[in-house]
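Asker: Note that our numbering has the sequence shown beginning at 4, numbered continuously upward. Quick one: the structure is below, questions incoming.
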Amino acid sequence: MTLTGHQPTYAPWLGLIAKIAQADTFVWWDDVQQEDSGYENRVLIRTREGSQWLTVPVHRDRDAKVKDVRIAGDAWRRKHWRTWEQNYRQALYAERHLPFLDSTYAVHWDLLAELDEHLLRYLLWQFGLNPRWVRLSSLGLKSKGSQLVLDVCEALGADHFHFGAHGTNYADVEAFGRAGVSIEFQDFQIRSYAQAFPGFFGGLSAFDFLLNHDPADAIEVLGL
């Protein structure tokens with residue numbers, strides 16, 4: 004059984020979708036400390052001028068686990084929705100996906116991880132992906148880093164783990180070999196696709212792709 008995992012990420016990019024597509028089980032890495040990268044609460048979307056960050060304001064606490072990070076207020080919701088709507092209302096599949104985003108921003112969200120999960124589950128559904136979903140917090144594991152990944156594999160009976168590209172920086176390859184768990188590291192190279200405005204920008208939310216293309220086109224762009 005192939006397993007992969009990732010921390011909660013706000014309206015994630017296509018690389019995460021491509022990684023999850025390679026696995027039978029996806030672990031929602033919610034029981035670790037929040038990262039400084041900020042991708043848990045921000046994402047790039049396309050605009051006429053190029054690209055723009057959308058950032059969900061949160062209460063920062065260095066000791067907080069990702070699952071406990073709280074969103075700061077509600078003012079951001081209207082801004083995010085208006086930015087999506089203004090930049091994508093002419094997109095080919097706007098009528099299919101903008102109502103979902105509209106309904107998402109109409110809701111008060113308290114925990115960032117709950118908002119992130121809501122968005123990711125929609126994306127997976129639209130791309131036709133239905134992996135087994137497991138929350139790291141449900142496993143009760145206390146290890147860290149590479150050992151935590153290996154412990155998750157053993158707890159769930161996985162014999163193969165699909166790391167992201169940054170896994171090469173910390174994975175204990177020999178430990179996985181001794182445990183009989185094979186590993187691979189993602190090497191995702193996105194191909195250009197038509198966007199709402201001239202030119203191509205990579206690293207955008209997967210919603211950018213869905214708003215402009217039928218999910219079937221992902222076979223060519225993502226190799227799904």
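The beta-carbon is built from N, C-alpha and C at its ideal position, and this holds for glycine as well. None of the values given here were measured: they were computed from a predicted structure.
(1) Please confirm whether residue 73 has its beta-carbon closer than 8 angstroms to some beta-carbon of chain D.
(2) Our contact map puts residue 210 next to residue 100 with C-beta atoms below 8 angstroms; I'd like the distance itself, whole angstroms only.
(3) If distances are taken between C-alpha atoms only, which option among 146, 167, 109 comes closest to residue 78?
(4) Which residue's Cα is closest to the Cα of residue 28: 220, 182, 162, 175?
(5) Under three-state DSSP, which class holds residue 137?
(6) Please report how far the alpha carbon of residue 188 lies from the alpha carbon of residue 208, in whole angstroms.
(7) Going by DSSP in three states, residue 148 sits in which element: helix, strand or coil?
(8) Have a look at the DSSP bridge pairing and note the partners of residue 188.
(9) Quick one: using the 10 Å Cβ neighbour count with 16 as the cut-off for buried, is residue 176 buried or exposed?
(10) Locate the alpha helix (DSSP H) running through residue 9, then write down its first and last residues.
Answerer: The answer reads as follows:
(1) The displayed structure is made up of one protein chain only, and chain D is not part of it.
(2) Against the sequence shown, residue 210 aligns to sequence position 207. Against the sequence shown, residue 100 aligns to sequence position 97. Confirmed, about 7 angstroms.
(3) Residue mapping note: residue 78 aligns to position 75 of the sequence shown, counting from 1. Comparing Cα-Cα distances from residue 78 to each of 146, 167, 109, the minimum goes to 109.
(4) Within the sequence shown, the letter at position 25 stands for residue 28. Closest by alpha carbon: 162.
(5) The residue you call residue 137 lines up with position 134 of the sequence shown. Correct three-state label for residue 137: strand.
(6) In the sequence shown, counting from the first residue as 1, residue 188 sits at position 185. In the sequence shown, counting from the first residue as 1, residue 208 sits at position 205. Looking at the two C-alpha atoms, the distance is approximately 21 angstroms.
(7) The residue labelled residue 148 in the question sits at position 145 within the sequence shown. Helix.
(8) Taking the first residue of the sequence shown as position 1, residue 188 is located at position 185. Beta-bridge pairing by DSSP links residue 188 to 166.
(9) One-based indexing of the sequence shown puts residue 176 at position 173. Residue 176 comes out exposed.
(10) Here residue 9 corresponds to residue number 6 of the sequence shown, with the count starting at 1. Careful: residue 9 lies outside any alpha helix (DSSP H), inside the beta strand (DSSP E) at 5-9.
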